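Below: the structure, in structure tokens.
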């Protein structure tokens, strides 16, 4: 987002809110939401894109950056009901007395909060917020990966974190990402975070991916992997039939969590 003040017109603020919440909005959907003509939305999108507030795409608008994630404080409240629903459904996939990797992200933090009814878990995480959420449980054993702490979001990254994660093998690896291509490529922004996610994938017997529907409208440049690397995909809206066909071909089970 640019550093100047946000637009003052209510319609422009509403457009920005919708795009930030959903990741991508078509011009037709924006027009329907705001009860204006599609031509009006096209002019608004062009203006906001020229000012750097959003990215103009063919037929719609998306988030402006493929190289920098949204700030952690904003991500904490973005689609929170959907993330909590995803966390609850993912928690149902994990039985008591399981071993789990949990990586960086606000959706994986929702998953950690949803584990409050579980017993006797063993968790390895490179997310300080996850460790804090789980630390109150006396019947959980939580191991925090060593490494460099990112003050912005509490993520633990770097060579030491990767080495620490690779010292374990878990039944479940629960990961979040920042973007998904329609061809099934899983994407993220930060190379260190990507390396940690790959380590979790390599050392988990079953990988559960958590991502709300807005991740389909985002295109970070870093590749984490693809659908063949995961076993379960938990999201809040059913993806396109084409994407579901790719999931079926990769033997990935879809779980749709309704907020």
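Numbering (the UniProt record's numbering), first residue to last: 1 to 259.
C-beta atoms are modelled at their ideal positions from N, C-alpha and C, and glycine is treated no differently.
Please read all numbers here as calculations on a predicted model, not as lab measurements.
Mind checking which residues open and close the beta strand (DSSP E) that includes residue i?
i: residue 84; result: Unbroken run through residue 84 is the alpha helix (DSSP H), 80 to 92; no beta strand (DSSP E).
i: residue 26; result: 24 to 26
i: residue 253; result: 253 to 256
i: residue 185; result: 185 to 188
Residue i and residue j look like a contact to me (Cβ under 8 Å); what is the Cβ gap, rounded to whole Å?
i: residue 213; j: residue 235; result: 6 Å
i: residue 89; j: residue 54; result: Going by Cβ atoms, the distance from residue 89 to residue 54 rounds to 30 Å, so no, they are not a contact pair.
i: residue 168; j: residue 130; result: Actually they do not touch by this definition, with Cβ atoms about 15 Å apart.
i: residue 252; j: residue 232; result: 7 Å
i: residue 158; j: residue 147; result: 4 Å
i: residue 98; j: residue 171; result: 5 Å
i: residue 176; j: residue 211; result: 6 Å
i: residue 242; j: residue 199; result: That pair is no contact at about 30 Å.
Could you tell me which residues DSSP puts in a beta bridge with residue i?
i: residue 210; result: 176 and 234
i: residue 229; result: Per DSSP, none; premise fails for residue 229.
i: residue 261; result: Summary: the structure shown does not reach residue 261, with the chain confined to residues 1 through 259, and so no result is reported for it.
i: residue 157; result: 148
i: residue 199; result: None; residue 199 has no bridge partner.
i: residue 99; result: 122
i: residue 204; result: 170
i: residue 223; result: 187
Take the Cβ of residue i as the centre, count every other Cβ of all protein chains shown within 10 Å, and call the residue buried at 16 or more, exposed below.
i: residue 134; result: buried
i: residue 22; result: buried
i: residue 219; result: buried
i: residue 25; result: buried
i: residue 248; result: exposed
i: residue 182; result: exposed
i: residue 127; result: buried
i: residue 10; result: exposed
i: residue 110; result: buried
i: residue 191; result: exposed
i: residue 193; result: buried
i: residue 108; result: buried
i: residue 238; result: exposed
i: residue 240; result: exposed
i: residue 245; result: exposed
i: residue 35; result: exposed
i: residue 145; result: buried
i: residue 120; result: exposed
i: residue 3; result: With a pLDDT of 37 at residue 3, under the threshold of 50, the predicted position of this residue should be treated as unreliable, though the coordinate-derived value follows. Looking at its Cβ environment, which holds fewer than 16 other Cβ atoms inside 10 Å, residue 3 is exposed.
i: residue 103; result: buried
i: residue 139; result: exposed
i: residue 61; result: buried
i: residue 27; result: buried
What residue range is occupied by the uninterrupted alpha helix (DSSP H) comprising residue i?
i: residue 35; result: Note, residue 35: premise wrong, no alpha helix (DSSP H); not H, not E.
i: residue 246; result: 241 to 249
i: residue 181; result: Unbroken run through residue 181: none, as it is neither H nor E.
For residue i and chain C, any beta-carbon pair shorter than 7 Å?
i: residue 222; result: The question asks about chain C, but that chain is absent: this structure has only one protein chain.
| request: Output the residue ranges of the alpha helix (DSSP H) runs that lie fully inside the segment 101 to 147 and measure 4 residues or longer, sorted by chain position. | output: 106 to 113 and 128 to 134
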